[in-house]
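K.L.:
Residue numbers (our numbering): 3 to 498. Glycine included, every Cβ here is placed at the ideal spot set by N, Cα and C.
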Ligand SMILES: [Mn+2]
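#1: Let me check understanding here. Comparing Cα to Cα, which of 47, 31 and 292 lies closest to residue 146?
#2: Just the C-alpha distance for residue 454 and residue 304, rounded to the nearest angstrom, thanks.
#3: Run the proximity test for residue 414: is its beta-carbon closer than 6 Å to any non-hydrogen atom belonging to ligand 2?
#4: What does residue 118 pair with, by DSSP beta-bridge criteria?
#5: Evaluate residue 143 with the Cβ neighbour count: other Cβ atoms within 10 Å of its Cβ, from every protein chain shown; 16 or more gives buried, anything less gives exposed.
#6: Going by CA-CA distance only, name the one from 448, 210 and 319 that's closest to residue 417.
#7: If you follow the alpha helix (DSSP H) that residue 183 is in, where does it begin and where does it stop?
#8: Spatial neighbours of residue 434 within its chain, please: CB distance less than 7 Å, with the 5 preceding and 5 following residues excluded, ordered by chain position.
#9: Let me make sure I understand the geometry here. Which of 425, 165, 308 and 34 has the alpha-carbon closest to that of residue 94?
#10: Taking 7 Å as the cut-off, decide whether the C-beta atoms of residue 128 and residue 97 are in contact.
#11: Rank 133, 150, 161 and 348 by C-alpha distance to the C-alpha of residue 168 and give the top, closest one.
#12: To the nearest whole angstrom, what separates the beta carbons of residue 334 and residue 389, a pair I think is in contact under 8 Å?
#13: When burial is assigned at 16 or more other CB atoms within 10 Å of the CB, is residue 484 buried or exposed?
#14: When burial is assigned at 16 or more other CB atoms within 10 Å of the CB, is residue 210 buried or exposed?
#15: Quick one: Cα of residue 359 to Cα of residue 350, how far?
#16: Comparing C-alpha positions only, which one of 236, 63 and 223 sits nearest to residue 298?
#17: DSSP three-state call for residue 53: helix, strand or coil?
#18: Nearest by alpha-carbon distance to residue 55: which of 63, 75 and 473 is it?
#19: Kindly indicate which residue of 32, 31, 393 and 9 has the alpha-carbon position closest to the one of residue 21.
#20: From which residue to which residue does the alpha helix (DSSP H) around residue 499 run?
#21: Going by Cα to Cα distance, which pick from 239, 192, 282 and 254 is closest to residue 14?
#22: Pick helix, strand or coil for residue 161, following the three-state DSSP scheme.
#23: Mind checking who residue 242 pairs with in its DSSP beta bridge?
#24: With a threshold of 7 Å on Cβ separation, who are the neighbours of residue 24 within its own chain once the five nearest residues in sequence on each side are excluded?
#25: Taking the alpha-carbon positions, what's the residue 170 to residue 92 distance?
#26: Tell me which residue opens and which closes the beta strand (DSSP E) that residue 251 is part of.
#27: In the structure shown, what three-state DSSP assignment does residue 429 receive?
#28: Taking 6 Å as the cut-off, is the CB of residue 291 close to at least one heavy atom of ligand 1?
#29: Roughly how many angstroms separate the alpha carbons of residue 37 and residue 45, rounded to a whole number?
#30: In three-state DSSP terms, what is residue 422?
#31: Since residue 437 and residue 245 are thought to touch, with beta carbons under 8 Å apart, how far apart are those beta carbons, to the nearest angstrom?
#32: With a CB to CB cut of under 8 Å and the five nearest residues on each side skipped, what residues in its chain are close to residue 16?
#33: Can you give the Cα-Cα distance for residue 259 and residue 160, rounded to whole angstroms?
#34: Secondary structure at residue 224, three-state DSSP: helix, strand or coil?
#35: Rounded to whole angstroms, what is the Cα-Cα separation between residue 1 and residue 180?
#36: Using CA atoms only, rank isn't needed, just tell me which of 109, 120, 138 and 88 is closest to residue 164.
Written out as structure tokens, the structure is:
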């Protein structure tokens with residue numbers, strides 16, 4: 003086949019899904035090389051070497067876990083298969099993919115063993131070699147230094163896995179230069195990356211809307227999780243969730259990361275419950291992270307409206323203010339201020355909002371950060387590069403970034419108000435906080451649960467682009483949920 007007739011290499015799961023060009027990763031490699039060449043500590047003839055994610059089995063069994071590529075490797079090469087390595091010649095940008103040489107038995111159990119040429123076409127890299135030849139191939143490039151990836155993930159506190167292979171001891175290795183540069187590249191999204199993030203947001207938004215239309219009191223939380231996953235996979239080819247689905251109803255909506263194995267979205271949804279559903283699916287490892295809060299029965303009570311609108315006001319105030327040059331810490335405080343003002347207006351708080359801000363009262367109701375970077379990881383890297391300090395104060399210490407916004411950053415905006423038992427008790431027992439709390443009103447909300455409104459945005463040159471598309475006002479939510487219920491009526495009429 004003539005090369006000219008060949009389609010450009012891309013990741014695609016059918017005509018109804020997005021085609022992601024491998025050019026995206028080529029551009030990423032190019033951007034990385036440009037940054038590295040601009041760094042005076044990187045000598046000529048340096049070669050980046052990175053190890054991809056490894057296949058694994060469940061504990062001591064032979065059950066193979068579904069592989070998901072490591073995010074730095076994905077960013078550079080977009081390779082779906084495990085146990086690969088990659089190298090990039092920094093001076094020329096030439097990219098080499100190293101694939102494992104598979105045993106014959108692979109063909110029996112896993113399918114056809116493809117030759118290197120197949121992967122060269124599939125991923126649009128310059129060369130494909132076998133992992134077992136990596137030392138020889140690199141030696142022939144005669145590099146001054148191998149740049150390997152080692153650095154701290156400031157969300158998990160873990161270090162990324164540095165490349166290792168037999169014979170690496172024969173090279174001069176530097177494991178400090180690469181990490182800050184590639185991390186910074188990942189913080190600023192390219193147009194091609196934004197296209198994928200728009201796609202995952204669109205599909206995940208549609209899935210949230212389906213859930214809101216189909217939910218009924220009497221259903222179980224996990225059935226809503228299942229409906230979301232089904233929608234994303236069927237319509238978007240999105241096999242993997244960006245994180246474990248959080249489908250909290252009633253009191254569970256106050257548990258920030260509900261839905262884990264110990265609390266597996268297993269409650270029956272009751273009439274009158276507030277629901278907080280935080281779910282997002284990924285495609286080609288690009289993530290989405292969306293939270294919708296709504297009443298299970300489709301109609302807000304007056305109290306639910308008060309709390310929901312306080313959070314909504316905070317969300318929209320931040321969206322109005324977001325642009326390059328703005329401090330994320332200030333955005334967090336802006337959201338807090340809106341929330342405190344609304345809670346005061348509705349009689350839950352008393353006193354001066356300025357004074358509440360001084361004692362960080364906002365963290366009692368919103369104990370998490372306003373939002374975080376998002377990309378190949380749902381909590382994406384780069385929140386605290388060298389020189390950016392975490393602020394050790396209630397609420398603010400949980401911010402996953404304290405940076406100043408720049409064009410091309412992608413973040414979540416996710417203010418919330420939660421009535422969390424031990425935080426309320428703590429505040430009621432702390433005189434500096436208790437003075438602002440209207441005790442009887444706070445008691446009335448003890449079993450309310452919580453509200454979070456989470457959208458994904460991209461910072462543009464003069465503001466932001468909203469990637470998420472779900473109903474957000476009380477009226478929009480009630481109208482959408484009513485439309486799902488009208489279908490019930492129609493179905494009953496047909497039966498009769
Ligand atoms: Mn989030």
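P.N.:
Reading it off the structure:
#1: Taking the chain shown and counting its residues from 1, the one referred to as residue 146 is at position 144. Of the residues 47, 31 and 292, the one whose Cα lies closest to the Cα of residue 146 is 47.
#2: What you label residue 454 is simply residue 452 of the chain shown in a count that begins at 1. What you label residue 304 is simply residue 302 of the chain shown in a count that begins at 1. In a straight line, the C-alpha of residue 454 is about 17 Å away from that of residue 304.
#3: Ligand 2 is not part of this structure, which contains only ligand 1.
#4: For the purposes of this step, residue 118 is taken as residue 116 along the chain shown, with counting starting at 1. Beta-bridge pairing links residue 118 to no other residue.
#5: For this step, residue 143 is matched to residue 141 along the chain shown. Per the 10 Å Cβ criterion, exposed.
#6: As a first step, residue 417 must be located in the chain shown, where it is residue number 415. The option with the nearest alpha carbon to residue 417 is 319.
#7: Position 181 of the chain shown, counted from the first residue, corresponds to residue 183. Start and end: 180-189.
#8: For the purposes of this step, residue 434 is taken as residue 432 along the chain shown, with counting starting at 1. Within the same chain, residue 434 has close Cβ partners 361.
#9: Here residue 94 refers to the residue found at position 92 of the chain shown. Looking only at 425, 165, 308 and 34, the smallest Cα-Cα distance to residue 94 is reached by 34.
#10: Start at 1 with the first residue of the chain shown, and residue 128 comes out as number 126. Start at 1 with the first residue of the chain shown, and residue 97 comes out as number 95. Taking 7 Å as the cut-off, the Cβ atoms of residue 128 and residue 97 count as close.
#11: Within the chain shown, numbered from 1, the residue matching residue 168 stands at position 166. Minimum Cα-Cα distance from residue 168 among the listed residues 133, 150, 161 and 348 corresponds to 133.
#12: As a first step, residue 334 is located in the chain shown; it is residue number 332 there, counting from the start. As a first step, residue 389 is located in the chain shown; it is residue number 387 there, counting from the start. Not quite, the Cβ-Cβ distance comes to about 19 Å (not below 8 Å), so this is no contact.
#13: Start at 1 with the first residue of the chain shown, and residue 484 comes out as number 482. Looking at its Cβ environment, which holds fewer than 16 other Cβ atoms inside 10 Å, residue 484 is exposed.
#14: Along the chain shown, read from residue 1 onward, the residue named residue 210 stands at position 208. That one is buried.
#15: Mapped onto the chain shown, residue 359 falls at position 357. Mapped onto the chain shown, residue 350 falls at position 348. Within the model, the alpha-carbon separation for residue 359 versus residue 350 is close to 16 Å.
#16: Counting from one through the chain shown, the residue named residue 298 turns up at place 296. Checking every option, the nearest Cα to that of residue 298 belongs to 223.
#17: Locating residue 53 in the chain shown gives position 51, counting from the first residue. Assigned with DSSP and collapsed to three states, residue 53 falls in strand.
#18: As a working note, residue 55 is residue 53 in the chain shown. It is 75.
#19: Here the question's residue 21 lines up with position 19 in the chain shown. Ranking the options by Cα distance to residue 21, first place goes to 9.
#20: Summary: the structure shown does not reach residue 499, with the chain confined to residues 3 through 498, and so no result is reported for it.
#21: Locating residue 14 in the chain shown gives position 12, where the first residue counts as 1. For the options 239, 192, 282 and 254, the alpha carbon positioned closest to that of residue 14 is the one of 239.
#22: Walking along the chain shown from the start, residue 161 turns up at place 159. Residue 161 falls in the strand class under three-state DSSP.
#23: Here residue 242 refers to the residue found at position 240 when the chain shown is read from its first residue. Its beta-bridge partners are 284.
#24: Taking the first residue of the chain shown as 1, we reach residue 24 at position 22. The beta carbon of residue 24 lies closer than 7 Å to those of 11, 12, 80, 125 and 126 in the same chain, with the five residues before and after it left out.
#25: Here residue 170 corresponds to residue number 168 of the chain shown, with the count starting at 1. Here residue 92 corresponds to residue number 90 of the chain shown, with the count starting at 1. Computed Cα separation, rounded: 18 Å.
#26: For the purposes of this step, residue 251 is taken as residue 249 along the chain shown, with counting starting at 1. Looking at the DSSP string, the run of the beta strand (DSSP E) that includes residue 251 is 248-251.
#27: The residue given as residue 429 occupies position 427 in the chain shown. DSSP places residue 429 within a helical segment (H, G or I) once states are collapsed to three.
#28: Residue 291 sits at position 289 when you count from the first residue of the chain shown. Residue 291: yes, Cβ under 6 Å from ligand 1.
#29: Along the chain shown, read from residue 1 onward, the residue named residue 37 stands at position 35. Along the chain shown, read from residue 1 onward, the residue named residue 45 stands at position 43. Going by C-alpha positions, residue 37 is about 13 Å away from residue 45.
#30: What you label residue 422 is simply residue 420 of the chain shown in a count that begins at 1. Reduced to three states, the DSSP call for residue 422 is coil.
#31: Numbered from its first residue, the chain shown carries residue 437 at position 435. Numbered from its first residue, the chain shown carries residue 245 at position 243. Contact between residue 437 and residue 245 does not hold, since the beta-carbon distance rounds to 38 Å and is not under 8 Å.
#32: For the purposes of this step, residue 16 is taken as residue 14 along the chain shown, with counting starting at 1. 239, listed in sequence order.
#33: Against the chain shown, residue 259 aligns to sequence position 257. Against the chain shown, residue 160 aligns to sequence position 158. When rounded, the distance between both Cα atoms is 20 Å.
#34: By 1-based counting over the chain shown, the position of residue 224 is 222. For residue 224, the secondary structure class from DSSP, reduced to helix, strand or coil, is helix.
#35: Shown here, the chain extends from 3 to 498; a query on residue 1 therefore has no answer.
#36: One-based indexing of the chain shown puts residue 164 at position 162. When each option's Cα is compared against that of residue 164, the closest is 88.
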